[in-house]
Structure formats: structure tokens, C-alpha cells
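Have a look at the structure below before the remarks.
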Amino acid sequence: MVSAATVVGFLLIMVVNTLVAAVTIRFFRLRLTTRWGAVLYTVIFIPVIYLVTTILLSGFIGFGGSGADRGTALILVWVIPFTLAVSLDIFWLPAPEEIDLPEQTR
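Its first residue numbered 0, the sequence shown is counted upward by one per residue in numbering that gives the first Met the number 0.
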């Protein structure tokens, strides 16, 4: 039986990973001029960021506890947040072409 603390820990890691992935994906889609560039950076950098946040939150801080199955934990803290972040960016946020960006950055 899984404890309530383990469930809350996994939910916290899922929320943090979803937020980080959504912001990162949005940044790549807005700043990179090519579509493949955003896809490539997303596929490469999001797992690295997930690795850091998962090690930080579950290893050092101790959220998430000890799950029964590694595959289930991987799906909960990596696959679900990534698909949720991608779907939020594609279906809910406006397209990058509709966003007015400044000509120069300071």
C-alpha cells in the first residue's frame, strides 16, 4: 500500500515537472525561428531538466518516497508531465506567430 506522503510527493514532482516543461517548451517555440529547432531543443533539454528536478526533489529533499515500480514512477514524473506540457502549449496557448515580440532585447 502506498502512503499518502508518497502520493503527495509524486504529485508535487509532477506539478513542478509540468510547470518547468511548459515554460521551457513555450520559450523554445517563441525564441527559435525554425520549427525543428524548437522540437530538437525540447527533446534534448527537457529530459535533462527532468533529471535535475527529479534528483533534487526525490533524492535530496525526499519527496515521492519509495514507489513500488520504477516504470510507474517514470511514467508519473516524466511522461505525464511532458505530454501535459506539450498539449498545454499546442492547444491552449496562442501560436507563436500571434505573439508580438520586441525587435531588440536589452
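All residues carry an ideal CB built from backbone N, CA and C; glycine is no exception.
A quick note: this is a predicted structure, and the numbers were derived from the prediction, not measured.
Check                                                                                                                                                                      : Outcome
Taking just the CA atoms, how far does leucine 56 sit from leucine 18?                                                                                                     : 14 Å
Under 8 Å, with one C-beta from each stretch per pair, do the stretch 37-45 and the stretch 4-13 reach the 3-pair mark?                                                    : no
Within 10 Å of its beta-carbon, does isoleucine 45 have 16 or more other beta-carbons around it, so buried, or fewer, so exposed?                                          : buried
Output the distance between the C-alpha atoms of alanine 72 and glutamine 103, rounded to the nearest integer angstrom.                                                    : 43 Å
What do you get for threonine 93, buried or exposed, if any count of 16 or more other CB atoms within 10 angstroms of its CB means buried?                                 : With the sequence shown as reference, residue 93 is identified as proline, and threonine is not the correct amino acid for it. Label assigned to proline 93: exposed.
Would you mind sorting alanine 4 into buried or exposed? The rule is 16 or more other CB atoms within 10 Å of its CB.                                                      : exposed
In this structure, how does DSSP classify isoleucine 98 when only helix, strand and coil are distinguished?                                                                : coil
Taking the alpha helix (DSSP H) that leucine 46 belongs to, which residues open and close that run?                                                                        : A quick correction: the sequence has proline, not leucine, at residue 46. Segment 34-53, the alpha helix (DSSP H) holding proline 46.
For alanine 84, collect the residues of the same chain with a Cβ closer than 6 Å to its Cβ; drop the 5 residues on either side in sequence, then sort them by chain order. : Thr17, Ala20, Ala21 and Ile24
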